[in-house]
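Written out below as structure tokens is the structure these notes cover.
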């Protein structure tokens with residue numbers, strides 16, 4: 001399958017108008033209303049092509065895409081069973097920052113690792129003596145996977161995250177009160193959570209991440225195996241059912257590709273065995289997903305037959 | 001890939017003990033405590049093998065597996081856009097018969113077509129002059145797909161469904177009160193819903209259904225195309241995110257196969273491009289899924305590499 | 001204390017403008033938009049005065065004011081303990097027709113007898129061979145208390161109640177499904193509930209009812225004792241905490257008088273030891289209470305020192 | 001009306017056995033399992049009697065009884081309208097430390113000032129340059145009302161409150177996130193909230209507080225008027241509908257007296273125009289109310305005809 005720059009540019013052009021109905025998350029430094037109609041995409045295939053179109057020089061922060069990385073590290077540290085004793089595997093119909101269900105259903109663990117409460121619980125588990133050590137481990141892994149040693153912390157965004165972190169604090173303290181979070185890990189988990197949200201990346205970095213998931217945890221540029229393939233499949237399955245917040249069901253129907261979105265308007269998608277996709281489009285809808293970016297993913301899926309529920313893909317080889 | 005009867009019998013033997021922790025849905029005639037440890041499976045591959053093991057002569061009713069059929073007919077009658085104006089595409093963390101979310105989130109349509117409220121809403125749409133005509137259309141389709149003209153209504157179960165239908169009535173009237181269900185369709189939709197739940201089938205019939213979904217809507221035994229492939233992909237995607245009720249997330253992680261369960265302890269699974277699987281195991285857990293049956297599906301997925309998130313499956317052909 | 005017609009007319013004039021922000025419940029025959037600004041009041045004191053002002057010739061139906069009557073009969077039939085095993089005593093923050101809490105908190109009895117679910121549960125208890133007999137008992141009691149033998153059923157309203165009864169049906173069937181309502185009493189309870197809602201009254205009748213509650217269950221015009229005073233105190237206490245739906249807290253603060261409102265815009269209030277008040281003002285707010293009527297009650301309470309939390313009232317005699 | 005020590009001792013003896021089914025809040029220093037069956041009561045009438053029985057030398061902390069004091073100060077500082085723009089007046093069916101409704105109903109203010117979220121919101125309003133100044137104002141008022149200059153802060157309890165304050169922190173940060181609490185007041189409000197919960201008192205002090213409410217804000221021992229009577233009536237009304245958490249409905253029916261409970265097993269009750277009552281009985285039920293203490297209040301109400309819904313009390317003087 002060949003993907004040309006011209007084709008990608010057509011996709012960008014077709015989808016750009018959908019940004020108009022969105023809004024840009026204002027509290028995060030680096031993005032403002034002038035970015036609402038930005039749209040960029042990078043595709044990296046497992047067989048070595050890299051193709052980009054649109055505003056691919058935009059630098060933005062990982063935000064919720066980081067939830068896949070922290071889960072990966074926790075799975076590596078403790079294994080599937082231990083991690084999923086702390087956090088569930090089920091999609092939720094609530095918003096990503098919801099607190100009600102933690103109380104209403106006397107559910108003393110968050111529904112899944114891709115909502116805020118779940119990601120904070122995961123952050124509280126990661127090995128390391130303090131949040132600085134834990135953060136270094138995560139940052140190093142992101143640098144290796146993206147093959148980009150210049151990936152780094154955005155301190156302005158970190159400050160903003162902390163200043164605007166009331167909802168996340170509320171989630172963390174609620175979990176302390178029910179025993180879902182260890183008392184002495186609360187502030188540390190929040191600090192780590194804010195930091196991994198604040199790592200600067202580009203669509204190229206996201207596409208590399210997607211590739212890594214598509215290639216079962218083996219770095220496509222070095223061939224190095226960083227993570228056990230079973231953990232990677234677990235994460236892709238969760239991206240399918242919960243990666244796009246409470247819009248995941250629609251994305252599974254319309255695109256059929258495991259993907260994880262971030263509040264900056266980013267999407268990192270992994271087409272198993274085929275390619276990684278990195279998208280930025282800061283105009284987001286009420287559910288927190290990039291409007292034009294989501295449209296691009298659905299269009300690519302149709303045009304390139306990437307929908308995993310398509311029979312042809314699964315034909316016996 | 002060859003699947004032998006011996007292998008399937010091993011799977012049945014390994015998984016049978018898991019039934020012990022379950023319970024049998026008592027209100028449905030034909031199943032009682034004596035069935036708790038029954039376990040049967042039929043696999044039909046797209047290339048023509050049919051293999052069975054365990055109690056495959058058990059006759060049971062479609063129950064919630066029928067939700068895939070009624071959705072199929074509604075999609076054929078009205079198209080995707082119209083159907084999903086009446087019912088959502090999102091997985092829910094609530095139980096299959098939940099009513100709270102219809103009120104709490106002022107969500108005037110059910111979350112998805114595979115929870116009871118959603119299936120009743122779908123049943124209310126299907127073309128036909130009355131519930132008898134509508135039911136005949138569905139029954140005929142099931143007979144064609146299973147290539148089994150003797151598939152028929154179980155009147156005892158229908159009576160039991162109606163006698164024990166208070167929760168479903170409550171859901172239907174609630175939806176009338178918010179306008180999600182047309183006033184003059186309420187009783188008709190309930191009658192149809194109870195009927196399609198009460199169609200007698202075997203694991204062989206479920207495996208045929210699974211095959212049909214795996215083969216993109218083309219009958220694998222006659223080559224006849226009954227339904228547009230796009231609708232079949234939509235249904236498989238919904239089976240992945242919502243087919244196993246509020247345990248769908250775990251099944252996506254552990255099995256990675258689109259599947260739909262029924263309260264009798266049945267599972268119908270469709271491995272795209274490969275096979276259909278029909279399972280019965282009446283010992284169900286609190287979320288309504290067959291304990292031993294679910295275990296079998298997960299084991300098959302591992303042993304036969306059926307997990308859709310596995311890279312190998314997607315290698316370029 | 002003397003209450004003059006001139007004073008009451010002033011109150012009506014002052015409060016009338018508040019109706020403008022309300023709306024008239026349209027599905028009930030007999031009331032339409034032309035009634036939005038109607039406002040009428042009758043006060044009957046225990047020492048024999050009857051004073052009226054405004055549109056007191058308006059005939060309307062009991063609606064939720066009837067919830068006090070059915071509770072009274074159930075208390076008489078079975079005693080406090082038995083009744084409150086079926087229905088709670090607690091105020092709720094939900095709307096009067098809410099269903100969510102019946103599920104969310106696995107609360108298998110309605111919060112209190114003055115929300116719809118609770119009143120249906122109470123209606124299901126009342127002694128009698130069928131809904132006609134039960135209804136006759138209630139109608140007779142209303143006639144006795146109001147000393148008005150012409151009080152009767154409004155058949156047009158009854159038809160409308162049944163035609164628009166989907167939410168109440170949903171509540172009743174939900175309660176059947178959890179065992180809160182006996183299976184064979186559901187339709188009968190609904191029929192009775194719709195009927196007692198559909199009894200025609202005037203502000204004069206409501207004031208008589210209020211008097212009866214104010215006078216501890218002794219008819220103020222005949223001296224006949226119809227109900228045990230303890231039951232009357234129980235009902236007044238519930239009127240205080242739950243009589244004005246989820247606006248009861250504010251009414252307790254602002255008026256401090258036990259009162260029960262109806263969706264027609266009626267209010268029946270009972271000032272213990274002093275007087276009964278009947279109000280009609282069809283312009284209601286979102287919580288279901290008469291806007292101008294509520295204002296009148298608060299004003300009367302201030303002007304006439306009727307607030308039960310006032311120290312002076314409780315001075316040793 | 002005369003209340004003898006003998007009579008009160010009988011009440012204590014009758015009610016003591018009810019403590020057996022309760023439990024003692026363990027995280028608060030000063031109370032442990034040895035206190036489960038303690039029971040003490042002090043009654044102070046407006047005409048000057050002081051009568052006590054049982055363990056009236058027990059020193060315990062104000063806990064939620066303090067919610068009446070902070071509301072009083074806020075009402076004095078800003079008036080009714082301003083205060084109730086920040087916090088509601090409605091009783092809630094949820095537990096006192098619930099967070100779900102703040103999200104579910106997009107209710108950006110707490111239901112009432114007597115649940116934890118509401119009391120924290122009230123604490124955030126009180127005038128003063130910092131929490132120390134604010135606390136001093138409240139402590140001074142308590143000393144004046146109780147005429148007990150030795151009332152003071154229990155530092156051990158304060159430390160325990162802060163150490164175990166996760167749920168309250170969660171509530172406060174949630175309110176910050178929705179704008180219900182000012183960003184720069186969160187930690188200060190929590191600190192103040194924990195402090196006013198940690199003021200040492202006895203049943204005698206609580207009875208004095210009750211007297212003050214019963215006497216419309218005039219100190220019964222000095223005749224000094226501390227607070228506007230209208231505010232006192234507002235607080236008594238809220239005590240009636242919400243003072244005993246989500247058991248307030250039952251208390252209104254069974255006792256009919258405005259009362260406020262604390263998690264230590266204390267109750268402060270105010271019978272308008274008559275008396276104040278202070279109770280301690282550390283064995284509490286699941287709703288947070290003293291089991292034996294609640295029983296005492298109900299029994300006193302019956303024996304002494306204190307139920308406010310009783311007709312006799314309201315007879316024209």
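Protein chains in written order, with our numbering: chain A, 1 to 317; chain B, 1 to 317; chain C, 1 to 317; chain D, 1 to 317.
Built from N, CA and C at the ideal position, the CB exists for glycine as well.
Keep in mind it's a predicted model, so treat the numbers as computed, not measured.
key: Residues within the segment 237-256 of chain B neighbouring chain A, beta-carbon criterion of under 8 Å   = 237, 238, 240, 241, 242, 246, 247, 248, 249, 250, 252, 253 and 256
request  = Look up residue 255 of chain D in the DSSP assignment and say whether it is helix, strand or coil.
outcome  = On the fourth chain, residue 255 of chain D is found 255 positions in, with the first residue counted as 1. DSSP places residue 255 of chain D in coil when its eight states are reduced to three.
task = Check residue 100 of chain C in the structure and name its three-state DSSP category.
result = Your numbering for residue 100 of chain C matches position 100 in the third chain. Residue state, collapsed to three classes: helix.
task = Starting from residue 323 of chain A, follow the alpha helix (DSSP H) in both directions and report where the run begins and ends.
result = Since the first residue shown for chain A is 1 and the last is 317, residue 323 of chain A is missing from the structure and cannot be characterised.
query = Which of the three DSSP states, helix, strand or coil, is assigned to residue 145 of chain B?
reply = Position 145 of the second chain, counted from the start, is the residue given in the question as residue 145 of chain B. In this structure, residue 145 of chain B counts as helix in the three-state DSSP scheme.
For residue 60 of chain C: DSSP bridge partner residues = As a working note, residue 60 of chain C is residue 60 in the third chain. Residue 60 of chain C is bridged to C/201.
message = Does residue 134 of chain A pass the burial test, meaning 16 or more other C-beta atoms within 10 Å, or should it be called exposed?
response = Translated into positions along the first chain, residue 134 of chain A becomes position 134. Counting Cβ neighbours within 10 Å, residue 134 of chain A comes out buried, since at least 16 surround it.
query = Is there contact here, the segment 209-225 of chain B with the segment 153-163 of chain B, by at least three beta-carbon pairs under 8 Å?
reply = no
inquiry  = Using 8 Å as the cut-off, can you tell me whether the segment 242-261 of chain B makes contact with the segment 104-116 of chain B, which would need three or more C-beta pairs spanning the two stretches below that distance?
reply    = yes
inquiry  = Using only the alpha-carbon positions, how far apart do residue 8 of chain D and residue 136 of chain D sit?
reply    = If you number the fourth chain from 1, residue 8 of chain D lands on position 8. If you number the fourth chain from 1, residue 136 of chain D lands on position 136. Rounded to whole angstroms, residue 8 of chain D to residue 136 of chain D spans 35 Å at the Cα level.
ask   = Do we get a CB-CB distance below 8 Å when we pair residue 169 of chain C with the residues of chain D?
value = The residue you call residue 169 of chain C lines up with position 169 of the third chain. False, the Cβ-Cβ gap to chain D never drops below 8 Å.
request  = Just the C-alpha distance for residue 286 of chain B and residue 205 of chain A, rounded to the nearest angstrom, thanks.
outcome  = The sequence position of residue 286 of chain B within the second chain is 286, counting from 1. The sequence position of residue 205 of chain A within the first chain is 205, counting from 1. If you take the alpha carbons of residue 286 of chain B and residue 205 of chain A, they lie about 43 Å apart.
query = Roughly how many angstroms separate the alpha carbons of residue 217 of chain A and residue 93 of chain B, rounded to a whole number?
reply = Counting from one through the first chain, the residue named residue 217 of chain A turns up at place 217. Counting from one through the second chain, the residue named residue 93 of chain B turns up at place 93. Distance between the alpha carbons of residue 217 of chain A and residue 93 of chain B: 30 Å.
inquiry  = With a threshold of 8 Å between beta carbons, is residue 166 of chain A in contact with chain D?
reply    = Here residue 166 of chain A corresponds to residue number 166 of the first chain, with the count starting at 1. Taking Cβ atoms only, chain D reaches closer than 8 Å to residue 166 of chain A, which makes this a yes.
key: Under 8 Å between C-beta atoms of residue 65 of chain B and residue 268 of chain B   = Your numbering for residue 65 of chain B matches position 65 in the second chain. Your numbering for residue 268 of chain B matches position 268 in the second chain. Yes.
task = Could you tell me which residues DSSP pairs with residue 122 of chain B in its beta bridges?
result = Taking the first residue of the second chain as 1, we reach residue 122 of chain B at position 122. Looking at the DSSP assignment, residue 122 of chain B forms no beta bridge with any residue, so it has no partner.
ask   = Is the beta carbon of residue 30 of chain C sitting closer than 8 Å to the one on residue 157 of chain C?
value = Numbered from its first residue, the third chain carries residue 30 of chain C at position 30. Numbered from its first residue, the third chain carries residue 157 of chain C at position 157. The answer is yes: Cβ separation under 8 Å.
message = I'd like to confirm the pairing. Which residues does DSSP put opposite residue 290 of chain B in its beta bridges?
response = Locating residue 290 of chain B in the second chain gives position 290, where the first residue counts as 1. In DSSP, residue 290 of chain B forms a bridge with B/284.
query = Per DSSP, what kind of secondary structure is residue 241 of chain D in: helix, strand or coil?
reply = Reading the fourth chain from its first residue, position 241 is the one you call residue 241 of chain D. In the structure shown, residue 241 of chain D sits in a helix (DSSP, three-state: H, G or I).
request  = Consult DSSP for residue 296 of chain A and reduce its assignment to one of helix, strand or coil.
outcome  = By one-based count along the first chain, residue 296 of chain A stands at place 296. Helix at residue 296 of chain A.
ask   = Between residue 121 of chain B and residue 295 of chain A, what straight-line distance do the alpha-carbon atoms span, to the nearest angstrom?
value = For this step, residue 121 of chain B is matched to residue 121 along the second chain. For this step, residue 295 of chain A is matched to residue 295 along the first chain. Approximately 28 Å, taken between the alpha carbons.
ask   = Considering only the beta carbon of each residue, do residue 50 of chain A and residue 41 of chain A sit closer than 8 Å?
value = Position 50 of the first chain, counted from the first residue, corresponds to residue 50 of chain A. Position 41 of the first chain, counted from the first residue, corresponds to residue 41 of chain A. Their beta carbons are not under 8 Å apart, which means residue 50 of chain A does not touch residue 41 of chain A by this criterion.
query = For the 8 Å Cβ check, are there 3 or more pairs between the segment 208-215 of chain D and the segment 267-281 of chain D?
reply = yes
ask   = Just how far apart, CA to CA, sit residue 180 of chain D and residue 109 of chain D?
value = The residue given as residue 180 of chain D occupies position 180 in the fourth chain. The residue given as residue 109 of chain D occupies position 109 in the fourth chain. Taking the straight line from one Cα to the other gives about 6 Å.
key: Alpha-carbon to alpha-carbon, residue 306 of chain C and residue 317 of chain D   = As a working mapping, residue 317 of chain D is identified with position 317 in the fourth chain. As a working mapping, residue 306 of chain C is identified with position 306 in the third chain. Bear in mind that the predicted position of residue 317 of chain D carries a pLDDT of just 41, short of 50, making it too unreliable to give a figure here.
ask   = Can you list, in chain order, the residues of its chain whose CB lies under 6 Å from that of residue 146 of chain C, leaving out five sequence neighbours each side?
value = Translated into the one-based positions of the third chain, residue 146 of chain C becomes position 146. Excluding residues within five positions, the ones whose Cβ falls inside 6 Å are 205 and 208.
message = Tell me whether the segment 88-102 of chain D and the segment 54-61 of chain D touch, counting them as touching only if at least three CB pairs, one residue from each stretch, are closer than 8 Å.
response = no
key: residue 25 of chain B - DSSP class collapsed to helix/strand/coil   = Stepping through the second chain from its first residue, residue 25 of chain B is reached at position 25. Coil.
query = Given a limit of 7 Å on CB to CB distance, which residues of the segment 75-106 of chain D reach chain A?
reply = 98, 99, 100, 103 and 104
request  = Give the straight-line distance between the Cα atoms of residue 128 of chain A and residue 182 of chain A, rounded to the nearest whole angstrom.
outcome  = As a working note, residue 128 of chain A is residue 128 in the first chain. As a working note, residue 182 of chain A is residue 182 in the first chain. C-alpha separation (whole angstroms): 15 Å.
Per-residue burial, residue 27 of chain C [other beta carbons within 10 Å of its own, 16 or more giving buried] = The residue you call residue 27 of chain C lines up with position 27 of the third chain. That one is exposed.
inquiry  = I want to verify the contact list: residues of chain A whose CB lies under 8 Å from the CB of residue 173 of chain D, in sequence order.
reply    = Position 173 of the fourth chain holds residue 173 of chain D. In chain order: 166, 167, 169, 170 and 173.
task = Could you name the residues of chain B that residue 215 of chain A contacts, counting a contact when the two beta carbons are closer than 9 Å?
result = By one-based count along the first chain, residue 215 of chain A stands at place 215. The answer, in chain order, is 311.
query = Which residue from A/235, A/260 and A/253 puts its Cα closest to that of residue 249 of chain B?
reply = Reading the second chain from its first residue, position 249 is the one you call residue 249 of chain B. For the residues A/235, A/260 and A/253, the minimum Cα distance to residue 249 of chain B belongs to A/235.
key: CB contact below 8 Å: residue 133 of chain D versus chain A   = Within the fourth chain, numbered from 1, the residue matching residue 133 of chain D stands at position 133. Judged by the 8 Å Cβ criterion, residue 133 of chain D is not in contact with chain A.
key: Given residue 99 of chain D as reference, the closest of D/311, D/176, D/143 and D/20 once Cα atoms are compared   = Here residue 99 of chain D refers to the residue found at position 99 of the fourth chain. Measuring from the Cα of residue 99 of chain D, the nearest candidate turns out to be D/176.
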